[in-house]
Amino acid sequence: MQSRQSKMITTATSYFMSQYTKHYLHVEKPSLGLPPPPENKKYLLYIHVPFCTMFCPYCSFNKFTYTKEAALIYYRHLREEILHVKELGYDFNYLVIGGGTPLIDEEELITTIELVRKLFSIEHVSCESDPNHINPKTVLQLDGLVDRLSVGVQTFDDTLLKKLGRYEKFGSGEEVYAKIASMLGILPITSVDLIFNFPTQTQKGLIHDLETLKKLSPEQTSVYPLMTSSLVKNSVKKTLGEFSLENEFTFFSTIKKSLKELYPARHGWSFSKESDLIIDEYIIDNEEYVGVGSGSFSFLKDTLYLNEFALDKYATLIQEKASAITKERTFPANSQMYYRLMVDLFNGTLSKKKFTAMFGQSINTALGKELMLLKFAKAIKENKENITTTDYGDYLFLVMMKEFYMGMDRIRNEARKNLIL
Ligand SMILES: C[S@@+](CC[C@H](N)C(=O)[O-])C[C@H]1O[C@@H](n2cnc3c(N)ncnc32)[C@H](O)[C@@H]1O
Ligand code: SF4
């Protein structure tokens with residue numbers, strides 16, 4: 054049970070973060086596109102594939118109804134954008150493909166991955182999928198091209214799956230389990246995405262999800278707290294019921310405890326059997342990245358860049374050989390320091406040496422007051438080299454990260470106004 058004091062601190066932190074993201078997370082300035090890269094630097098490339106055959110009520114990612122024709126045109130433009138980024142001089146060692154549903158058109162996906170592998174120094178490829186494209190035949194085609202496949206399961210509970218509309222589209226919890234079991238081991242890493250704290254979810258239901266996951270035993274899992282930004286609040290309420298934060302702390306403690314043995318390496322809300330297996334939360338892990346495709350983000354040095362969200366406008370920009378980036382925002386130094394503090398402690402440890410190397414001053418000088426407050430809240434511990442989180446700190450930084458993601462949704466919301474889905 055969460056104490057009254059820690060509940061108050063959590064609420065205040067949540068409020069502070071939402072005000073902070075309201076202030077900072079707007080991208081309004083017109084952009085001319087990516088700057089030329091420095092020599093010999095390798096980045097992470099994110100590719101967005103914005104098509105789905107159904108829309109889940111909780112999902113705020115940029116997506117459109119799938120048609121074969123629209124996807125073919127889109128993938129062709131995507132590859133042109135990738136060539137444009139190559140011409141600018143960029144090189145990449147990591148590729149992350151997310152959506153939407155990247156595997157919705159397998160052949161186009163494979164052609165695109167092959168192109169990226171040919172153009173750049175790629176060492177690792179990670180890709181998302183819904184359960185429908187998970188079968189040994191499809192996955193075998195990705196062998197040697199994709200290192201990590203993360204499959205959206207969300208829950209194994211049939212009552213919840215029915216409410217989400219996923220039971221009809223992707224099958225029952227048992228069927229999804231069998232699909233994933235049939236392809237485990239083909240690729241180096243299979244990861245399973247779950248969501249916790251759905252309205253009406255009980256502790257018993259959560260434990261059932263966690264026990265089923267452990268029995269399935271993929272190499273990794275991400276267990277996200279349900280995020281209900283203004284983009285999805287109403288659809289969550291309509292399909293699942295009133296959302297509440299009442300159980301979130303207890304649920305997160307249950308998850309950590311339940312997964313500790315089989316998945317000892319924890320990284321925010323992601324868990325891995327081995328600590329040296331890569332976990333791709335690209336926004337979290339990478340200080341800089343380039344995004345291509347409609348509705349993707351890039352972050353370079355101190356600036357966030359936003360690609361065009363509307364498919365027709367995205368297509369026109371590519372056909373005119375213009376940059377698909379339309380807007381940007383440069384962040385002041387102090388907001389970058391806050392961001393580093395949040396991201397590193399979300400992952401459990403902040404290295405003081407790394408902070409000083411990044412910002413030219415020690416964290417104790419730059420963010421002394423913030424550290425004092427976090428210590429007072431019993432969220433962090435400090436030694437000479439590192440700052441680490443306590444058990445309660447793990448939760449507090451999850452709350453902050455969740456608010457940050459919901460802030461990013463505000464940017465999506467602004468960019469998606471007037472779009473036809
Ligand atoms: C962009 S989705 C793509 C997954 C794939 N299309 C599917 O449906 O299986 C990637 C993951 O983000 C997570 N996600 C999406 N919306 C979320 C939300 N509102 N709260 C928490 N997690 C969310 C889900 O776990 C999902 O599997
Ligand atoms: S969760 Fe997956 S299938 Fe559902 S709307 Fe989001 S991207 Fe599409």
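54 is the number of the first residue of the sequence shown in our numbering; add one for each residue after it.
Ideal Cβ placement from N, Cα and C applies to all residues, glycine included.
Note that the structure is a prediction, hence the values are computed from the model and not measured.
Three-state secondary structure assigned by DSSP to residue i
i           : result
residue 414 : coil
residue 356 : strand
residue 254 : coil
residue 77  : helix
residue 187 : coil
residue 87  : coil
residue 118 : strand
residue 138 : helix
residue 476 : Since the first and last residues shown for the chain are 54 and 474, residue 476 lies out of range.
residue 285 : coil
residue 318 : strand
residue 162 : helix
residue 71  : helix
residue 344 : strand
residue 19  : Since the first and last residues shown for the chain are 54 and 474, residue 19 lies out of range.
residue 466 : helix
residue 298 : coil
residue 290 : helix
residue 304 : helix
residue 127 : helix
residue 82  : strand
residue 311 : helix
residue 326 : coil
residue 351 : strand
residue 374 : coil
residue 95  : strand
residue 143 : coil
Closest residue to residue i among the options (Cα-Cα distance)
i           : options            : result
residue 479 : 282, 303, 309      : Here the chain comprises residues numbered 54 to 474, so residue 479 is not present and cannot be evaluated.
residue 161 : 126, 88, 137       : 126
residue 440 : 217, 402, 122      : 402
residue 244 : 218, 187, 225      : 187
residue 360 : 134, 240, 111, 386 : 134
residue 196 : 391, 362, 180      : 180
residue 399 : 444, 279, 80, 227  : 444
residue 248 : 298, 232, 279      : 279
residue 270 : 155, 81, 235, 96   : 235
residue 242 : 301, 324, 264      : 324
residue 72  : 421, 429, 459, 116 : 459
residue 99  : 90, 155, 314       : 155
residue 379 : 204, 255, 251, 83  : 83
residue 298 : 65, 136, 252       : 252
residue 256 : 308, 284, 216, 230 : 308
residue 159 : 121, 139, 175, 174 : 121
residue 384 : 167, 68, 62, 74    : 74
residue 386 : 354, 452, 128      : 354
residue 358 : 81, 192, 322, 409  : 81
residue 374 : 463, 291, 148, 86  : 86
residue 264 : 291, 111, 349, 314 : 314
residue 129 : 90, 70, 165, 157   : 165
residue 64  : 340, 453, 175      : 453
residue 326 : 272, 119, 101, 123 : 272
residue 17  : 132, 395, 468      : It is not possible to answer for residue 17, since the shown part of the chain is limited to 54 through 474.
residue 457 : 470, 389, 404, 90  : 389
residue 124 : 198, 232, 153, 138 : 153
Supposed close pair residue i, residue j - CB separation, criterion 8 Å
i           : j           : result
residue 189 : residue 223 : Actually they do not touch by this definition, with Cβ atoms about 17 Å apart.
residue 311 : residue 318 : Wrong, their Cβ atoms sit about 15 Å apart, outside the cutoff.
residue 369 : residue 316 : Between residue 316 and residue 369 the Cβ distance is about 45 Å, and since that is not below 8 Å, they are no contact.
residue 208 : residue 262 : 5 Å
residue 103 : residue 288 : Not confirmed; about 18 Å, so no contact.
residue 225 : residue 202 : Residue 225 to residue 202, Cβ: 21 Å. No contact.
residue 531 : residue 343 : Residue numbering for the chain in the displayed model covers 54 to 474; residue 531 lies beyond these limits and cannot be assessed.
residue 419 : residue 412 : 6 Å
residue 367 : residue 377 : 6 Å
residue 109 : residue 218 : 7 Å
residue 144 : residue 177 : That belief does not hold up - the Cβ atoms of residue 144 and residue 177 are roughly 14 Å apart, past 8 Å.
residue 285 : residue 112 : 7 Å
residue 442 : residue 55  : 16 Å between Cβ atoms; not a contact.
residue 216 : residue 293 : 5 Å
residue 424 : residue 417 : 7 Å
residue 206 : residue 229 : 6 Å
Open item on the list: Runs of 3 residues minimum, wholly inside the region 380–456: which ones carry the beta strand (DSSP E) assignment?
Closed with: The region 380–456 contains these whole beta strand (DSSP E) runs: 402–404, 433–435, 439–442.
Open item on the list: In chain order, what are the residue ranges of uninterrupted alpha helix (DSSP H) at least 4 long that sit wholly in the region 165–244?
Closed with: 189–194, 211–217, 219–223, 226–236
TODO: Could you please go through the chain and list the residues whose beta-carbon is closer than 7 Å to any non-hydrogen atom of ligand 2?
DONE: 105, 107, 108, 109, 112, 114, 116, 152, 153, 154, 183, 205
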